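Engineer:
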Amino acid sequence: MQEQPSLLVSQQPKPVLLDVTNVAFLTKGPYSFSVAAGECVGLSGRSGIGKTQLLRAMADLIPCTGNVVLNGIDAQKIPAPRWRQMVGMVPADPQWWFDLVGDHFPKNEQMDTLLPTLERLGFAMDVLNWEVSRLSTGERQRLALIRALVPEPIVLLLDEPSSALDATHTNSLEELLAELRQSKELGIVWVSHDPAQLRRVANRIFTLEEHTLLEIVTNRTNMLPERLSQA
Amino acid sequence: MNVISLTTFDLAIAALLLLVLAGVSMALSLGLEKKIIIFSGRMIAQLLFIGLVLRYLFANADGWLILLMSLVMLGAAGREVQARQKRRIRGVAGYLIGTGAMFISSFSVTLLALVVIIGVEPWYTPQYAIPLLGMLLGNTMTGISLAADRLSSQFYEQRNVIEQRLMLGQSWQEASSDIRRDCMRTGMMPIINSMAAAGIVSLPGMMTGQILGGTPPVEAVKYQILIILLIAAGTGFGVITAIWMTGRHLFDQRHRLRLDCLLGKR
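Set out below in C-alpha cells:
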C-alpha cells in the first residue's frame, strides 16, 4: 500500500508522443488527434466505420495521406520495421504461425523481464512450451498483448484487446496497461465497442465518423484509469 | 536403324483414344470432354505448325531468325506462367515477372549449355538451340507457375499472419519467409519427383524419342542426363526469381502487403 501514492494522478501536461494530422485512407478521414506520454485515447464508432483501418494507418500497414509523427519524427523517415516496433499494434484477431507459443517470442528475450508480465496476465513461464492449438481465444488475446510489449513500444495500438476476456482477466489487462502508462509513459490508442471500458481506461474518448473524430469525453487531468487514480 | 514413319492413320488411332475418353467423360458427366477435344486439337495444330517452322529454320539457319523464334517462345511461356495463376498480378507486372523468371530458367541456361557444355558451332544451330530451349521452357514452366500461383494465393490467404508479423517489426522478407520457403518446395517438387523416377519408374521423353529415332541408348542417356540437370538448375533459379520478384512486387517500400496489386480469384 506504500507504493499506491506513486500511481496518483499527474496534473502536469505531458509531452505529445504521437501526432496524427489529417490522416485519410480509402474514402475515410481526414482525422487528426494526438496521444501524450502516458495517455490513453479511446476510439469508438459503429462497425465498419474504419477504426481498425485507422490503427493500421498509424502502424504504417496501409497507405494513407497526412502525417503520423512520433516524438517529432515523421513515420516516413523511420524504417518501417523500426516504426512498427515503436508503434506496436495488437489486432482484434491475433495470429500465431508456429506450433509453440515460445517460438513467437524473440529467443534472446530476457526471461526476467518477460516473466512478470506473463504472471500479471495469469500465465506461468511454461506457457512458452505450450502448443498454440491448445490456447483458448482469451489466452491467445492475452499472450498477443504480452508479445506486442516485448519490443517495448512507445505507443501501443489496441484493437478490442479484451473482447474475448472474462471480467477478471480484463481487469488484470487494464491494470497492467495502466501501470505501463505510469512507469514507462506508454501512450495507448484503445479501440473498443464497450463504452464503460473506454470510460475506465481512457483520458479522452473519440467517436469515429466518416470524415471526422468527435471528442465525446475529455479528462486530460486524469492520466490514469479511474480506479487507480482513486486508489 | 531406320525410323518407322507414322502415317496420318496411325495418329488417327491415337486420337481415337482421346475421343473415347471424351465420350466416357460425357457419359459420366465429368464435364471434361470439351476441354479434351479443344486442347488435343490445339496441341496437334501447334505441333504441326512448329514442325513446319523447324523445317524452314533447319534449312535457313539464320541467327536472327533463331533469336526471334526464341523470343516468341519465351514470351508465350511468360504469358502461360501468368495465365495459370488463380490470383494474377494486376497489369503488365505479372507478365514481366513470368517472362523474367522464364528468361532466367530457360533462356540463360540454354545459352550456357549451347556455348559452354555442348559447344555447338555456331551456337544458334537450330537442331540444338530450338529443341533445347523448348525442353527447358516447357519443363521449368510447370515449377515456376506452380510456385508463383501458390505464392500469390498464400499471400492472400495468410494476409492476417503476414500483417501480424509486420506489426511485430519484421521486414517483408521475414514476415513472408515461411510462405516463400514453402513455395520454393512446391516449385521444385515436380523436377525432384521426375529425377527420383527417371530410369526406374519412367523413361524420360527425350531419351525415348532419341532411342526411337535410332540414337545409341548410352548417347541418348547422356543427353537426357544433361537435359534433366539443366531443367533442375533452371527450375530452381527460375522459381527463386519468380518468388523474389512476386514478393518484391506485393510489398511496397514501407514493407506493406499490397494485395491491391492482385486481381480477384478466377
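Chains as they are written, first to last, in full-length UniProt numbering: chain A, 1 to 231; chain B, 1 to 266.
Ideal Cβ placement from N, Cα and C applies to all residues, glycine included.
The structure displayed is predicted, hence computed values, not measured ones.
With a cut-off of 8 Å, does the C-beta of glutamate 157(B) fall near any C-beta of chain A?
Structural biologist: no
Engineer: Between histidine 255(B) and chain A, is the shortest Cβ-Cβ distance under 8 Å, so that the two count as touching?
Structural biologist: yes
Engineer: Going by the DSSP bridge assignment, what does alanine 24(A) pair with across the sheet?
Structural biologist: Thr65(A)
Engineer: Rounded to the nearest angstrom, how far is the Cβ of isoleucine 179(B) from that of glycine 238(B), given a contact under 8 Å?
Structural biologist: Here isoleucine 179(B) is actually not in contact with glycine 238(B); their C-beta atoms are around 18 Å apart, not less than 8 Å.
Engineer: Can you tell me which of the three DSSP states arginine 258(B) falls into?
Structural biologist: coil
Engineer: Taking CB distances under 8 Å as the criterion, tell me whether isoleucine 146(A) reaches chain B.
Structural biologist: Isoleucine 146(A) does not count as touching chain B.
Engineer: The alpha helix (DSSP H) that contains threonine 212(A), what's its start and end?
Structural biologist: Here threonine 212(A) belongs to no alpha helix (DSSP H), and DSSP marks it neither H nor E.
Engineer: Less than 8 Å between C-beta atoms, sequence neighbours within five positions excluded: which residues of the same chain meet that for glutamate 209(A)?
Structural biologist: Gly45, Ile49
Engineer: Would you please verify whether the beta carbon of glutamine 170(B) is less than 8 Å from any beta carbon of chain A?
Structural biologist: yes
Engineer: Comparing C-alpha positions only, which one of Ile243(B), Ser177(B), Ala76(B), Ile13(B) sits nearest to glycine 138(B)?
Structural biologist: Checked all of Ile243(B), Ser177(B), Ala76(B), Ile13(B); the closest Cα to glycine 138(B) is Ala76(B).
Engineer: Is the shortest distance between the beta-carbon of leucine 135(A) and the beta-carbons of chain D less than 8 Å?
Structural biologist: Of the protein chains in the structure, A and B, none is chain D.
Engineer: Can a CB atom of chain B be found closer than 8 Å to the CB of aspartate 93(A)?
Structural biologist: yes
Engineer: Does the beta carbon of proline 63(A) come closer than 8 Å to any beta carbon on chain B?
Structural biologist: yes
Engineer: Going by DSSP, what residue range makes up the beta strand (DSSP E) through glycine 42(A)?
Structural biologist: 40 to 44
Engineer: How about the segment 181 to 193 of chain A and the segment 153 to 170 of chain A: do they share at least three Cβ pairs that are nearer than 8 Å?
Structural biologist: yes
Engineer: With DSSP as the reference, label leucine 186(A) as helix, strand or coil.
Structural biologist: coil
Engineer: Under three-state DSSP, which class holds leucine 180(A)?
Structural biologist: helix
Engineer: Below 8 Å between beta carbons: does that hold for valine 201(A) and glycine 102(A)?
Structural biologist: no
Engineer: Rounded to a whole number of angstroms, what is the C-alpha to C-alpha distance between glycine 78(B) and methionine 245(B)?
Structural biologist: 13 Å
Engineer: Out of Lys77(A), Leu121(A), Glu131(A), Trp130(A), point me to the one whose CA is closest to glutamate 175(A)'s CA.
Structural biologist: Across the set Lys77(A), Leu121(A), Glu131(A), Trp130(A), the C-alpha of Leu121(A) shows the shortest separation from the C-alpha of glutamate 175(A).
Engineer: Can you tell me where the alpha helix (DSSP H) holding glycine 238(B) begins and where it ends?
Structural biologist: 217 to 250
Engineer: Determine the direct distance from the alpha carbon of methionine 73(B) to that of glycine 134(B), and round the result to whole angstroms.
Structural biologist: For glycine 134(B) and methionine 73(B), the distance between alpha carbons rounds to 8 Å.
Engineer: Over what stretch of residues does the beta strand (DSSP E) that includes arginine 204(A) continue unbroken?
Structural biologist: For arginine 204(A), the enclosing beta strand (DSSP E) covers residues 204 to 208.
Engineer: At least one CB of chain B closer than 8 Å to the CB of lysine 28(A): is that the case?
Structural biologist: no
Engineer: Give me the DSSP bridge partner(s) of threonine 218(A).
Structural biologist: Arg204(A)
Engineer: For residue 273(B), go through chain A and note every residue whose CB falls closer than 7 Å to its CB, in chain order.
Structural biologist: Limits of chain B in this structure are 1 at one end and 266 at the other, which puts residue 273(B) out of reach.
Engineer: Glycine 88(A) CB to nearest chain B CB: under 8 Å?
Structural biologist: yes
Engineer: From Arg185(B), Ala196(B), Cys261(B), pick the residue whose C-alpha is nearest to that of alanine 147(B); which is it?
Structural biologist: Arg185(B)
Engineer: With DSSP collapsed to three states, give me the class of glycine 264(B).
Structural biologist: The DSSP-derived three-state label of glycine 264(B) is coil.
Engineer: Answer yes or no: does any C-beta atom of chain A fall closer than 8 Å to that of leucine 259(B)?
Structural biologist: no
Engineer: Roughly how far, in whole angstroms, is the beta-carbon of leucine 70(A) from the beta-carbon of isoleucine 188(A), given that I think they are within contact range, below 8 Å?
Structural biologist: Actually they do not touch by this definition, with Cβ atoms about 14 Å apart.
Engineer: Within 10 angstroms of its Cβ, does phenylalanine 58(B) collect 16 or more other Cβ (buried), or is it exposed?
Structural biologist: exposed
Engineer: Are the CB atoms of leucine 165(A) and arginine 142(A) nearer to each other than 8 Å?
Structural biologist: yes
Engineer: Leaving out five residues before and five after leucine 55(A) in sequence, what residues of the same chain have Cβ atoms less than 7 Å from its Cβ?
Structural biologist: Met89, Leu157, Asp159, Val189, Val191
Engineer: Compute the Euclidean distance between the alpha carbons of methionine 141(B) and leucine 263(B), then round it to the nearest angstrom.
Structural biologist: 21 Å
Engineer: Please identify, using Cβ separations under 7 Å, the residues of the segment 170 to 190 of chain B that lie next to chain A, in order along the chain.
Structural biologist: Gln170, Ser171, Asp178
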